[in-house]
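Just add 1359 to wherever you are in the sequence shown, counting from 1, and you've got this note's numbering.
One structure is given below, encoded as structure tokens.
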Amino acid sequence: MSVAVFGTGLIGSNIARRLLERGFRVSVWNRSYEKAASLGQFGARVTKSIREALEGAEIASINVSDDNASLYVLENILNNLGNDLVVVNHSTVTPLHSRRAYEMSTRKNCPYIALPIMGGPKEAMSGDLVGIAGGDYDKLVTHKDYIDALFRKVHVVGSPEEASAVKLAINSVYFSAMIGLAEALVLAEGWGVSPEKFFEIGQDLWIKSIIERYGSRLIVAGSEKGISLPHISSMAQLLLSASMRKAISEEDYTRVYKFLKGLV
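Here you go:
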């Protein structure tokens, strides 16, 4: 099977390497050619254009950073369609973009699947990703080897925009938990409690999983490359809004869900 991988960042490069290890023919493209060039040593065909990458491809795998980058790649793919190409977008993008991308692809009679992923570079390399699928997923099932190579589990939710919404919702939970733990560490350390002692106590409580996931990452911040701050900073605005309005100042903390629903 031949796959064209667009975007060779942390996730895209490891998806390409995983596919190569599993015997796929892989072409790669990145806006910065130099960033993709290193994949040549693993057997990838490094290309300088989207059109070149698509030559002979059965699957176009998009792994880029945002809506604009995704739109750029998709427009070029749709302008250079081959026979029976299936577009799979693993990027974390907005639901509105996913809807637009699906409509654009449908007009060109090109199957489009929004398949954002849960997991990082390590999971991509080991084929242990969890996917959230929306769109023409039945068209991808016919390429079962691709799914089996990358995913431990794929959850099918319906439309492409639903898949993107679930991805963003789960990310919100992740980042909120991480920020909460960071604030807790600052509070504890401010009163002389070491992170190690805080973690020791937390290991006996339900927050154990949060500590195991983010504790060491926060202490040695910067040693493991993750999602950049601009992608997550807006999430803090929700609770700030609640505080500024004093809308839930006297309510039980669990009322925050109803408060947020009231903003919609």
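Beta carbons: idealized from backbone N, C-alpha and C, even for Gly.
As assigned by DSSP and simplified to three states, the class of residue i
i	result
His1456	helix
Arg1404	strand
Ile1591	For Ile1591, the pLDDT reaches just 46, beneath the cut-off of 50, and the residue's location in the model is therefore unreliable, although a value from the coordinates is still provided. The answer is coil: DSSP assigns Ile1591 none of H, G, I, E or B.
Ser1575	helix
Ile1566	coil
Lys1498	helix
Lys1481	helix
Lys1503	helix
Enclosing alpha helix (DSSP H) for residue i [first to last residue]
i	result
Ser1531	1519 to 1549
Gly1561	1554 to 1561
Gly1415	From DSSP, Gly1415 is part of no alpha helix (DSSP H); its letter is neither H nor E.
Gly1371	1369 to 1380
Ser1424	No alpha helix (DSSP H) holds Ser1424; DSSP gives it neither H nor E.
Lys1394	1392 to 1396
Counted within 10 angstroms of its Cβ, other Cβ atoms place residue i as buried (16 or more) or exposed
i	result
Ile1436	buried
Asp1495	buried
Arg1377	buried
Thr1406	buried
Ala1528	exposed
Leu1444	buried
Val1579	exposed
Glu1555	exposed
Leu1413	buried
Trp1550	exposed
Expected contact under 8 Å - CB spacing of residue i and residue j to nearest Å
i	j	result
Ile1491	Val1525	5 Å
Leu1577	Leu1544	7 Å
Host beta strand (DSSP E) of residue i (start-end)
i	result
Val1446	1445 to 1448
Ser1386	1384 to 1388
Ile1421	1418 to 1421
Leu1488	1488 to 1494
Ser1361	1361 to 1365
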